[in-house]
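Undergrad: Residue numbers (this note's numbering): 82 to 491. The beta carbon of each residue, even a glycine, is placed where N, CA and C say it ideally should be. Keep in mind the model is a prediction, meaning the values are calculated, not measured. Quick one: structure below, then a few questions.
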């Protein structure tokens, strides 16, 4: 048996999954299952920036591969394709050369949106969430323009191989400054909604979701690593917008403060649909699956709105929304044989407290420390309750799958 070629194949497959943004457990399980399909037992250890695979052939010397993992992408279409390839190899047990050819064909068949469509995704994502968080139509249009600026800065910084912390600051600062300039000349009615809508593009939704799912599946080191990255990116967003607020105040005076508009529920759902379509593009989700992700986001927001209204607690609403989004994602994953993360990351996005991060920063800049502490704690509580919702559903499905496997063996 060509152990070295099989090990190289499994390593490359795991590396491609990791680079596209797959969860740690998915990378480890894909590598282990591909090797197990050829009756090879492997020790696999993966963290967000490194992977280590070791096998011990019969009557042979141990073989090991180590691969460094660079900056992760948000390519969920590729995650689906490489996960499908893993299942195909496990079912067919092809010759290693043929399996390698399948891997190369999968790499070549990857789809990505052209730059104009990518910028359209930025516009739609910012436009939809500006409306969702209390802006009017003109605010949505201003947010969409700011979202395009974020997309251009992100694209430029990626070409320079800038780290994500610096890339986030570099996008948050000019975006917020542009929004404050629009407010100063009277274009934007509710500048907070404009900035929050555009900031949602910078919120690390995939990192946050993967961190929770890694912790669920026992990959605590990876989960904590990703969660620290989430905190650093949130800090970068706060720093970028805070500098823009101070500069705008010096140039044009303090930005105007206008209360958010209470939109009817149908308009909130429409905003979720528009924003969800935008984020489906940004996460490189294609075809019918993208629309299913959008449906999940609308259902999660409806669950949050209804439960929060009748219970009198927004935290209870966030828990209900997270539970429904996670349940919907797990069911779609099983019906369509696609990774749950592809549905969960877009479905959960309307619940992510981007507004809380912005207002927490704003209170700190204005010196309102009591409001800063209160808003910061509330934002942290929202993030925690969303994590609990994801944990409960995913853990339940994990236990069910484990029980089924043990039942089959009997």
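Start and end of the alpha helix (DSSP H) containing residue 355?
TA: Run containing residue 355: 346–363, per the alpha helix (DSSP H) assignment.
Undergrad: According to DSSP, is residue 266 part of a helix, a strand, or is it coil?
TA: The answer is coil: DSSP assigns residue 266 none of H, G, I, E or B.
Undergrad: Alpha carbon to alpha carbon, what distance is there between residue 291 and residue 244?
TA: Spanning the two alpha carbons is a distance of roughly 19 Å.
Undergrad: Out of 277, 156, 323, point me to the one whose CA is closest to residue 216's CA.
TA: Measuring from the Cα of residue 216, the nearest candidate turns out to be 277.
Undergrad: Once DSSP output is grouped into helix, strand and coil, what is the label at residue 342?
TA: Reduced to three states, the DSSP call for residue 342 is coil.
Undergrad: Alpha helix (DSSP H) containing residue 136: first to last residue?
TA: It is not in any alpha helix (DSSP H) - residue 136 instead sits in the beta strand (DSSP E) that spans 131–136.
Undergrad: Residue 275 and residue 211 - do their beta-carbons sit closer together than 8 Å?
TA: Yes. Within cutoff.
Undergrad: I'd like the span of the alpha helix (DSSP H) that includes residue 283, first residue to last.
TA: Taken as a continuous stretch (DSSP letters only), residue 283 belongs to no alpha helix (DSSP H), as it is neither H nor E.
Undergrad: Return the residue from the list 233, 429, 86, 347 that minimises the CA-CA distance to residue 411.
TA: Answer by Cα proximity: 429.
Undergrad: State buried or exposed for residue 293, treating a residue as buried only when at least 16 other CB atoms are found within 10 Å of its CB.
TA: Result: buried.
Undergrad: Check whether the stretch 176–194 and the stretch 308–328 are in contact - that is, three or more C-beta pairs closer than 8 Å.
TA: Flag = no, the stretch 176–194 and the stretch 308–328 do not touch.
Undergrad: Helix, strand or coil: how does DSSP classify residue 208 here?
TA: Of the three classes helix, strand and coil, the one that applies to residue 208 here is helix, per DSSP.
Undergrad: Going by other Cβ atoms of all chains shown within 10 Å of its Cβ, with 16 needed for buried, is residue 109 buried or exposed?
TA: The residue is buried, with at least 16 neighbouring Cβ atoms inside 10 Å.
Undergrad: Quick one: measure Cβ to Cβ for residue 492 and residue 225, integer angstroms, because I've assumed they're closer than 8 Å.
TA: The first residue shown for the chain is 82 and the last is 491, placing residue 492 beyond what the model contains.
Undergrad: Flag this pair as touching only if the stretch 374–381 and the stretch 352–365 have three or more C-beta atom pairs under 8 Å; answer yes or no.
TA: Verdict: yes, contact present.
Undergrad: Pull up the distance between the alpha-carbon of residue 197 and that of residue 405, whole angstroms please.
TA: Each residue's Cα considered, the two are about 33 Å apart.
Undergrad: Which ranges does the alpha helix (DSSP H) cover as unbroken runs of at least 4 residues, wholly within the stretch 217–262, from first to last along the chain?
TA: Whole alpha helix (DSSP H) segments, 4+ residues: 218–240.
Undergrad: Please check the pair residue 160 and residue 103, which I expect to be a contact at CB under 8 Å, by giving their CB distance rounded to whole angstroms.
TA: Contact holds; Cβ gap of about 5 Å.
Undergrad: Identify every residue that forms a DSSP beta bridge with residue 126.
TA: Paired residues: 133.
Undergrad: Let me check understanding here. Comparing Cα to Cα, which of 383, 106, 126, 145 lies closest to residue 86?
TA: The option with the nearest alpha carbon to residue 86 is 145.
Undergrad: In terms of alpha-carbon separation, which member of 455, 269, 213 lies closest to residue 349?
TA: Closest by alpha carbon: 213.
Undergrad: Out of 479, 158, 99, point me to the one whose CA is closest to residue 367's CA.
TA: Looking at the Cα atoms, 158 is the closest of the given residues.
Undergrad: What residue from 373, 209, 383, 143 has the CA that sits closest to residue 280's CA?
TA: For residue 280, the nearest C-alpha among the options comes from 209.
Undergrad: Tell me which same chain residues have a C-beta within less than 6 Å of the C-beta of residue 121, skipping the five on either side of it?
TA: Excluding positions up to five away in sequence, the list reads 136.
Undergrad: Taking the C-alpha atoms as reference points, what is the distance between residue 247 and residue 83?
TA: Spanning the two alpha carbons is a distance of roughly 44 Å.
Undergrad: By DSSP, does residue 181 sit in helix, in strand, or in coil?
TA: Three-state DSSP puts residue 181 in a helix.
Undergrad: Quick check on the burial criterion: 16 or more other C-beta atoms within 10 angstroms. Buried or exposed for residue 382?
TA: That one is buried.
Undergrad: Span of the alpha helix (DSSP H) holding residue 146?
TA: That residue, residue 146, is in no alpha helix (DSSP H); its beta strand (DSSP E) goes 144–149.
Undergrad: Is DSSP giving residue 119 helix, strand or coil here?
TA: If DSSP states are grouped into helix, strand and coil, residue 119 belongs with coil.
Undergrad: Can you give me the start and stop residues for the alpha helix (DSSP H) that residue 303 sits inside?
TA: Taken as a continuous stretch (DSSP letters only), the alpha helix (DSSP H) holding residue 303 covers 301–333.
Undergrad: Flag this pair as yes or no: are the beta carbons of residue 323 and residue 271 separated by less than 8 Å?
TA: No, the pair does not count as a contact, with Cβ atoms beyond the cut-off.
Undergrad: Three or more C-beta pairs under 8 Å: does that hold for the stretch 390–402 against the stretch 463–477?
TA: At 8 Å Cβ cutoff, the stretches touch.
Undergrad: Suppose contacts are defined by Cβ-Cβ distances below 8 Å. Is residue 435 in contact with residue 284 by that definition?
TA: Yes, these two residues count as a Cβ contact at 8 Å.
Undergrad: Indicate whether the contact test is met: 3 or more Cβ pairs, each with one atom in the stretch 333–340 and one in the stretch 250–270, closer than 8 Å.
TA: Segments in contact, yes.
Undergrad: Do you know offhand how far residue 449's Cα is from residue 458's?
TA: About 14 Å.
Undergrad: Measuring CA to CA, which of 483, 127, 200, 162 is closest to residue 186?
TA: For the residues 483, 127, 200, 162, the minimum Cα distance to residue 186 belongs to 162.
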